[in-house]
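To convert, take the position in the sequence shown, counting from 1, and add 94; that gives the numbering used here. Since the structure comes first, as structure tokens, the remarks are kept for the end.
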Amino acid sequence: MQDCIFCKIISGEIPSSKVYEDEYVYAFNDINPMAPVHILVIPKTHISNVMDVNSENSDIIAHIFEAIAVIAKQQKLEKGFRVVSNCNEYAGQTVFHLHFHILGGRRLSMEMA
Ligand code: 5GP
Ligand code: ZN
């Protein structure tokens with residue numbers, strides 16, 4: 095999608111620090127990490143956010159979570175980590191290409207919201 099920074103990261107137009115890639119999924123380090131491990135996992139097809147997931151495209155969500163399990167093991171996050179997807183204004187979504195934050199590498203705050 096034109097003017098989507100994450101589509102540009104997938105195409106290589108914007109550089110990123112890749113941690114995982116397969117046919118459907120791309121994962122890279124967040125530019126502004128909130129924890130020692132802060133990785134963004136995104137579908138290679140453009141979906142704006144969780145509200146745009148439907149029966150036509152939901153296979154990718156299962157695939158993303160398979161990738162998250164692989165990445166968590168690669169990153170040695172066995173002690174625990176958090177997966178977050180911000181959706182729209184009240185959650186503070188800033189990039190409108192569906193992404194899952196993997197946060198870990200230390201004990202996380204117990205505050206969820
Ligand atoms: P959101 O606030 O939409 O849930 O998360 C967007 C995330 O994307 C933020 O954590 C932000 O730091 C990250 N981000 C925004 N632009 C870039 C970029 O160009 N490269 C990388 N690696 N991360 C980015
Ligand atoms: Zn996009």
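Yeah, the Cβ is synthetic: ideal placement off N, Cα and C, and Gly gets one too.
From residue i to residue j, what does the alpha carbon distance come to, in whole angstroms?
i, j, result
"A163", "N148", "22 Å"
"I276", "G174", "Since the displayed the chain opens at 95 and closes at 207, residue 276 lies outside it and no answer follows."
"L202", "M128", "10 Å"
"D97", "M204", "36 Å"
"A161", "K167", "10 Å"
"N182", "E107", "25 Å"
"I165", "A156", "14 Å"
"N151", "S142", "12 Å"
"F194", "Y114", "13 Å"
"S105", "K112", "12 Å"
Hey, residue i and residue j are a contact pair by Cβ (cut 8 Å); roughly how many whole angstroms apart?
i, j, result
"S179", "V144", "6 Å"
"N123", "I133", "6 Å"
Looking only at its own chain, which residues have a Cβ that is under 8 Å from the Cβ of residue i, when we skip the five neighbours before and after it?
i, result
"M95", "C101, H140 and H191"
"V131", "Q169, L171, F175, I196, L197, G198 and G199"
"D146", "L192"
Going along the chain, which residues of its own chain have a beta-carbon closer than 7 Å to the beta-carbon of residue i, five neighbours each way excluded?
i, result
"F159", "none"
Decide yes or no for the touch test of the stretch 131-139 against the stretch 109-122: beta carbon pairs closer than 8 Å, at least 3 of them.
-> yes
Quick one: residues with CB closer than 5 Å to any heavy atom of the ligand ZN, in chain order, please.
-> M95, C98, F100, C101, H140 and H191
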